[in-house]
Amino acid sequence: MFKAGHIEGAILIDVTEKDFLAKADSLLDKSRLVAVYCRSGRRSRRAAEMLVEKGYTVHNLNEGYHEWRLYQEGKKT
1 MFKAGHIEGA ILIDVTEKDF LAKADSLLDK SRLVAVYCRS GRRSRRAAEM
51 LVEKGYTVHN LNEGYHEWRL YQEGKKT
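For the sequence shown, position 11 matches number 11 in the UniProt record's numbering, and the numbering has no gaps at all.
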C-alpha cells in the first residue's frame, strides 16, 4: 500500500513485523507527535496502542489513508 500512495514525509514502519517497536525507536522522536495511519485504520490503531505504551504521543488517522485522500481532494468534509 505504501508504494501505491502515502502522505508526504511518511516513514513506513510495518506494525505486523516482529521488529516494529525496535524500528520505531530507531526512527521516531518521542518528543514529537507521531501520526500513524494505514489503509483502513485497523493496523494503525494497533500501532498507536503499542507506541503509546512505549511513551510516544500518538495521533491515529482513524479512517485511514483513503479517507484522508478524499478530504484532501475536497470530496469529504
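All residues carry an ideal CB built from backbone N, CA and C; glycine is no exception.
From a predicted model like this one, the values you see are computed outputs, not experimental measurements.
Does residue i come out as helix, strand or coil in the three-state DSSP assignment?
i   : result
V58 : strand
Is it buried or exposed, residue i, if we count other Cβ atoms within 10 angstroms and call 16 or more buried?
i   : result
L51 : buried
G74 : exposed
N60 : buried
I13 : buried
Suppose you measure from the CA of residue i to the CA of residue j; what does that come to, to the nearest Å?
i          : j   : result
V34        : R43 : 15 Å
S31        : L70 : 30 Å
residue 79 : I7  : The shown model of the chain, from 1 to 77, leaves out residue 79, and the question about it has no answer.
Hey, could you find the ends of the beta strand (DSSP E) residue i is sitting in?
i   : result
V36 : V34 to V36
Over the uninterrupted alpha helix (DSSP H) stretch that includes residue i, give me the two end residues.
i   : result
E49 : R42 to E53
E67 : G64 to Q72
Are residue i and residue j touching if we call contact CB-CB under 8 Å?
i   : j   : result
T65 : C38 : It should be noted that the sequence gives Tyr, not Thr, for residue 65. Result yes, Cβ atoms of Y65 and C38 sit closer than 8 Å.
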